[in-house]
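Let me begin by presenting the structure, written as structure tokens, before commenting on it.
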Amino acid sequence: MSHPSKRRRLTPSPPPISSPIETSSDELAAGSDHDQERRRVSLNAYPPKRPYPRSRSFSSSESPDELAMDADDYWRSSNRRRNQSVWGRSEDENEGDEEENENEDDEQENESMNDDVNETEPNGDCDMDEMEAAEENEAETYSDRSPTPVPPPPPKPDSVDYRQKFLLRGHLRGVSAVRFSPDSSMIASGGADGAVKVWAASTGKLIHTFEGHLAGISTISWSPDGATIASGSDDKTIRLWNVLTGKAHPTPFLGHHNYVYSIAFSPKGNMLVSGSYDEAVFLWDVRSARVMKSLPAHSDPVSGIDVVWDGTLIASCATDGLVRIWDTSTGQCLRTLVHEDNPPVSSVKFSPNGKYVLAWTLDDCVRLWDYVEGRCLKTYQGHSNKKYSLSGAFGVYGQRISARTPGYAFAVSGSEDGAVLCWDVVSKKVLQRIEAHEGVVLGVDTCSTEEGRFMVSCGLDGTVRVWEEVTASEAGPEAEPEPEAEQGLDQNHADGENSDKNRDMDTEMGEAGELGGETGDPT
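Everything in the sequence shown is counted per the UniProt record's numbering, starting at 1 for the first residue and increasing by one.
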């Protein structure tokens, strides 16, 4: 059933209040009521739009009027005027709606103004005062702040003074290797009598004696946790000794076909690296005592092995005069270092930061290499080394410079004339020459503790000697100065050629830089 369409009744509204916008000359001139009524209906149905307010330039400041008038308010008010039509409205309703719309417009304008003002003043007058006070305080703080002067580093000492603290006797023959434990509380020594002895570093008391090798011991190494000692012997085996229980590991490491001359633990303690006179370098699994990897290292007996502090690189040296750097994970040779004279290399040692390698050669020299660039940076001389395989270490001397820099670096080595020599890493100056043993000094190691700085040495005289650094206040009467040893003859390393580089190298063997190196043949 269809319904007839309903027509909305047109109810005329009273004449609107004339305004300059809605009044024209035609309305004033109209004479008939019909024309006036037609114009009123047209104007109420389609009221003219007000012009859009002119935009404010960015340079002008905001005011309450500008903040109160935005585009949304403008179009909302226009829509309300458009809805004020005569369609379906009575005179009373139109009058009431006009009053309500005016009130709503005022309220919305006030709310809009408050919202915009609150955006600039989020928490009212009190918060604004606090913000201004905070800004003033911050400005005063920054205005009063000045760069903090950095104190100059303490003067670099011209020498060190190590004096004997303990003389340890117990080995029946010469002592070939000596090492401090990782926590510097114990000292391990191995000798030609086939015994490994453990001493208390603070008292010099003998703690353990491990016996089991069938021949002399050439090398020893501590595990990173200080609970195990590994020893390599001329009987072609490697054995592990438990310091906590005083017992030996039941299974020896078998695989080398000649003397085991050098060993080193990895930083994690799960791998052991060994070098032998059979010209091979083995990587052992400590738990299973099996060879994980064999490196065809050299064409002559391998005389020295060391592992960098993070375990990623291995350094090996041999009597063929080569020092090689290996990638631990792949077994690839990354760099081969060889001096132009090609003397046999007897021992090798990474610097504490792993950026340099110290190599002992049978030409009375100890050379510092930058293995990344393949250059020999420094040559230290003054000791005697033409026959025996000597070893040494890095040490620290002088006052503490910063939290990361405990002092200046020095290199220390034994000598075939019974002396121990300490060189400044940068200047190559002999800081101290100690007449330490009655025969050849084969091994030297260093450590730093809260109690002080110590050094230990061993030699063919069968003794182990512990040395303690003495400060100026503890030294007492000055002793006669030791005769200065002959300095390095290589003039290619002019001291002070690059002070920044030398300073970095001096403080814990810092960043590499230009030094002007010796002639080398990196391959």
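For glycine and all other residues, C-beta sits at the position ideal for the given N, C-alpha and C. Here the structure is a predicted model, which is why all the values come from computation and not from measurement.
- In the same chain as Tyr162, and ignoring 5 residues on each side of it, the C-beta atoms closer than 7 Å to its own belong to Gln432, Ile434, Met455, Trp467, Glu468 and Glu469, in chain order.
- Within the UniProt repeat "WD" (253 to 294), the complete beta strand (DSSP E) segments at least 3 residues long are 260 to 265, 271 to 276 and 281 to 285, listed from N- to C-terminus.
- Remark: fewer than three beta-carbon pairs, one from each stretch, lie closer than 8 Å, so the region 343 to 363 and the region 281 to 290 are not flagged as touching.
- C-alpha of Asp278 to C-alpha of Gly304: approximately 13 Å in a straight line.
- For the options Phe410, Ala419 and Lys428, the alpha carbon positioned closest to that of Ser448 is the one of Phe410.
- An exposed status is given to Val372, since fewer than 16 other beta-carbon atoms sit within 10 Å of its beta-carbon.
- Here the alpha carbon of Ile207 sits roughly 27 Å from the alpha carbon of Asp306.
- Annotation: the continuous beta strand (DSSP E) that includes Arg324 extends over Val323 to Asp327.
- The beta carbon of Asp225 is closer than 8 Å to those of Pro182 and Gly269 in its chain, skipping five residues each way along the sequence.
- Nearest to Leu313 by alpha-carbon distance, out of Ser299, Asp300 and Thr336, is Thr336.
- The region 349 to 367 makes no contact with the region 328 to 335: fewer than 3 CB pairs, one atom from each, lie closer than 8 Å.
- Nearest Cα to Glu438 within the set Glu451, Gly414, Asp445 and Trp423: Gly414.
- In the three-state reduction of the DSSP assignment, Ala230 falls in the strand class.
- The C-alpha of Thr237 lies about 13 Å from the C-alpha of Pro250.
- Note that the C-beta distance between Glu211 and Ala201 is not below 9 Å.
- In the DSSP assignment, Leu167 is bridged to Arg465.
- Nearest Cα to Ser262 within the set Gly255, Phe253, Ser274 and Leu254: Ser274.
- In the three-state reduction of the DSSP assignment, Glu130 falls in the helix class.
- Nearest neighbour of Ile217 by Cα position, chosen from Val366, Leu244, Ala188 and Pro406, turns out to be Ala188.
- The closest CA to that of Leu295, considering only Leu334, Thr228 and Asp310, is found on Leu334.
- The Cβ neighbour count for Asp193, taken over all protein chains shown within 10 Å, is at least 16; the residue is labelled buried.
- In summary, Thr245 is exposed, with fewer than 16 beta-carbon neighbours lying within 10 Å of its beta-carbon over all protein chains present.
- CA-to-CA, the gap between Val178 and Val444 works out to about 7 Å.
- Taking C-beta atoms as the reference points, Leu167 and Val464 count as a pair closer than 9 Å.
- For Leu206, the three-state secondary structure derived from DSSP is strand.
- Per DSSP, the continuous beta strand (DSSP E) segment holding Gln432 begins and ends at Val430 to Glu435.
- A Cβ-Cβ separation of about 5 Å places Val323 in contact with Ala359 under the 8 Å criterion.
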